[in-house]
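My numbering numbers the first residue of the sequence shown as 151 and each following residue consecutively.
This report refers to the structure that appears directly beneath it.
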Amino acid sequence: MLSLVDRSPRLCDGLSRREFLRAGSLGMASVFGLSAVGSGAPSELPGKSLGSFGKAKRCIVLFLMGGPPQHSTWDPKPLASEEIRGAYGPISTSVPGTQICELLPRTSQLMHHVALLRAVSTGDNAHSSSGYAMLTGQPHQPLNFENANPGPPNDWPMIGAVLQHLRRGPRDMPPAVRLPHHIFNTDRSVWPGQTSGFLGASADPWLFRCEPASTDFQPPEYNVGGNEAMIRLQGRKQLLAQLDESLRTIEQTGATDSFNDTQRQAFELLTSNQSKTAFRLDQEPDVVRDRYGRGQFGQSTLLARRLVEAGVTFVQVNWFRGADEPDEAPCWDSHADETARLKNVLVPPFDQAYSALLTDLIDRGMLDDTLVVCMSEFGRSPKFNARGGRDHWGTVFSLAMAGGGVQGGVVHGASDKHAAYPQTGIVRPQDVAATIYHCFGYAPTTEIRDRLGRPLAISRGEVVREALI
């Protein structure tokens with residue numbers, strides 16, 4: 151993993167025979183430690199051609215870690231009792247007949263650009279394993295496994311890593327980036343599914359640990375100032391050159407090739423003018439920064455827009471956890487006091503940043519080929535608990551997609567009257583991944599290779615055609 155500076159956030163606490171054999175082959179790959187190679191050109195799904203295929207040139211994922219309540223975001227249930235629906239009602243949107251929570255007034259006016267998937271299901275109530283499924287498009291084995299750490303290098307790669315492996319961005323920019331931190335649980339264990347897994351180091355998305363709302367925010371590794379920073383970088387380059395000389399004596403060329411690519415990308419990124427400019431949030435007019443919101447999530451979302459505009463293919467923005475987050479209900483993990491936290495801490499900053507991002511992309515003529523996905527690891531339970539919060543619920547929840555081949559104004563799938571179980575149009579994590587890959591011009595059958603060189607389809611899911619143009 152390539153990362154810079156750490157402030158660690160934390161949260162609370164069946165395969166087919168063919169899939170089992172695939173998993174076993176990946177385990178053997180980790181034993182032999184062979185490098186991965188990509189294969190498989192983009193190929194469209196059989197059947198009727200969709201205008202969405204290959205429409206996306208870039209993607210921003212807004213990951214609301216912790217699990218937002220579907221009832222008070224995308225899937226309000228106004229006819230349910232208050233112990234189910236919560237304190238907040240629905241509002242009408244720019245799409246006749248479609249309602250979302252009243253806490254999302256800005257987003258409500260942009261729903262003609264957004265497709266809602268209201269019957270997403272992982273069947274998994276653990277942050278780590280359900281998060282793995284959503285980040286990679288592959289179910290975690292076993293399910294409901296909390297504090298699951300990243301496994302050996304045979305983990306399935308995250309979606310951004312697969313795209314980085316299949317595509318290459320401009321030389322001066324990394325193809326895939328995560329910010330402002332990666333995701334931890336309460337015991338500081340890192341979620342699996344956030345790296346390149348068996349694809350190797352060259353496909354690992356960059357992790358930029360940062361606080362972009364800070365008054366002294368600067369691009370990563372440029373906080374020394376002036377010539378001293380460049381001298382330090384040049385010194386690192388000399389050390390890398392010396393290391394190169396030593397590595398040439400090693401016969402495991404696959405591993406060294408991967409390392410050489412990674413270190414070269416690292417130095418080019420840290421020294422390129424294009425990269426430094428992309429990170430310069432102070433170049434944005436105050437009115438734009440205010441529009442996104444001056445908090446960490448708003449400024450991270452603005453930074454994501456700047457990065458994709460500069461040529462990064464995939465940016466994942468993880469919801470920021472600050473030092474003042476309550477241990478019993480950090481981020482969107484609202485086990486306690488949900489009603490107040492939704493109104494005062496969570497939904498308004500999201501509504502502001504998300505609506506600003508969509509509006510910005512529209513105004514810049516970028517939304518048509520920029521896929522924006524807003525998702526989380528799961529939703530919240532239908533009923534409130536004794537602490538005034540809701541608990542983990544992977545049985546059904548919602549996500550939102552816009553741009554990059556998505557048909558705006560669509561609602562696909564439905565939950566039951568309590569938003570407790572899927573009723574129609576169920577969507578699995580593998581279907582979400584297949585849909586993202588499709589929008590980039592890759593059919594689910596597109597092949598990547600494990601560390602033994604065996605071909606694997608990038609997704610076992612089905613494209614959610616109902617949500618696409």
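Heads up, the beta-carbon is just placed ideally off N, CA and C, and yes, glycines get one too.
Item	Value
Would you tell me roughly how many angstroms separate the C-alpha atoms of A479 and A486, rounded to the nearest one?	6 Å
May I have a chain-ordered list of the alpha helix (DSSP H) segments no shorter than 4 residues that lie completely inside the stretch 303-334?	309-316
Quick one: measure Cβ to Cβ for L488 and P219, integer angstroms, because I've assumed they're closer than 8 Å.	Correcting the residue type first, residue 488 is Glu in the shown sequence and not Leu. The Cβ separation is near 7 Å, so the contact holds.
Considering only the beta carbon of each residue, do P355 and S278 sit closer than 8 Å?	no
Given 7 Å as the limit, tell me if G461 has its C-beta closer than that to any heavy atom belonging to the ligand NAD.	With respect to the ligand NAD, the structure offers nothing, as it holds no ligand at all.
Would you check if there are 3 or more beta carbon pairs closer than 8 Å linking the stretch 515-530 to the stretch 547-561?	yes
Roughly how many angstroms lie between the CA atoms of V458 and L349, to the nearest whole one?	23 Å
I need the DSSP call for P362, collapsed to helix, strand or coil.	coil
Looking at the structure shown, is M284 part of a helix, part of a strand, or coil, going by DSSP?	helix
Measuring alpha carbon to alpha carbon, tell me which residue in R441, Y587, P579 and T345 is nearest K205.	Y587
With a threshold of 6 Å on Cβ separation, who are the neighbours of M215 within its own chain once the five nearest residues in sequence on each side are excluded?	I333, N468, W469 and C481
Write down every uninterrupted run of the beta strand (DSSP E) in the stretch 213-265 whose length is 3 residues or greater and which is fully enclosed by it, in chain order.	240-242 and 249-251
Where does N468 sit, in a helix, a strand or coil, going by DSSP?	strand
So what does DSSP say about S484, is it helix, strand or coil?	coil
Looking only at its own chain, which residues have a Cβ that is under 7 Å from the Cβ of Q505, when we skip the five neighbours before and after it?	A small correction: the amino acid at residue 505 is Ser; Gln does not occupy that position in the sequence shown. Same-chain partners within the cutoff: R256, T257 and L260.
Which of the three DSSP states is assigned to A490 in this structure?	helix
Using the beta-carbon count (16 or more within 10 Å), is T243 buried or exposed?	buried
Taking R208 as the reference, give the member of L496, Q446, G461 and G559 with the closest Cα.	G461
Straight-line CA distance for A265 to V523?	10 Å
Might you give, ordered along the chain, the residues of its own chain that have their beta carbon closer than 6 Å to the beta carbon of P307, omitting 5 neighbours on each side?	S346, G347 and L349
Between E378 and the rest of its own chain, which residues show a CB-CB distance below 7 Å, the 5 nearest in sequence each way excluded?	A caution first: E378 carries a pLDDT of 44, below 50, which makes its placement in the model too unreliable to give a value.
According to DSSP, simplified to helix, strand and coil, what is T463?	coil
Could you pull the start and end residues of the alpha helix (DSSP H) that P355 belongs to?	Neither: P355 is in no alpha helix (DSSP H) and is coded neither H nor E.
Does the Cβ-Cβ distance between T451 and L212 come in under 8 Å?	yes
Give the C-beta separation of F500 and F447 to the nearest angstrom, bearing in mind that I take them to be a contact with Cβ-Cβ under 8 Å.	7 Å
For the beta strand (DSSP E) containing S548, list its first residue and its last residue.	F547 to A552
Closest to Q557 by CA distance: which of C589, N275 and E232 is it?	C589
Tell me whether the stretch 244-255 and the stretch 596-605 touch, counting them as touching only if at least three CB pairs, one residue from each stretch, are closer than 8 Å.	no
To which residues of the same chain is N299 closer than 7 Å at the C-beta, ignoring the five residues directly before and after it?	S339, V340 and P342
For T223, count neighbouring Cβ atoms within 10 angstroms of its own Cβ and tell me buried if that reaches 16, exposed if not.	buried
What do you reckon, are the CB atoms on V582 and G310 nearer than 8 Å?	no
What number of angstroms, rounded off, separates the C-alpha of A536 from the C-alpha of S484?	12 Å
From R439 to S425, what distance separates their C-alpha atoms?	19 Å
Can you tell me which residues form a DSSP beta bridge with M525?	F213
Could you give the residue range of the alpha helix (DSSP H) that holds I512?	V497 to D513
Going by the beta-carbon positions, is the gap between A564 and Q573 smaller than 8 Å?	yes
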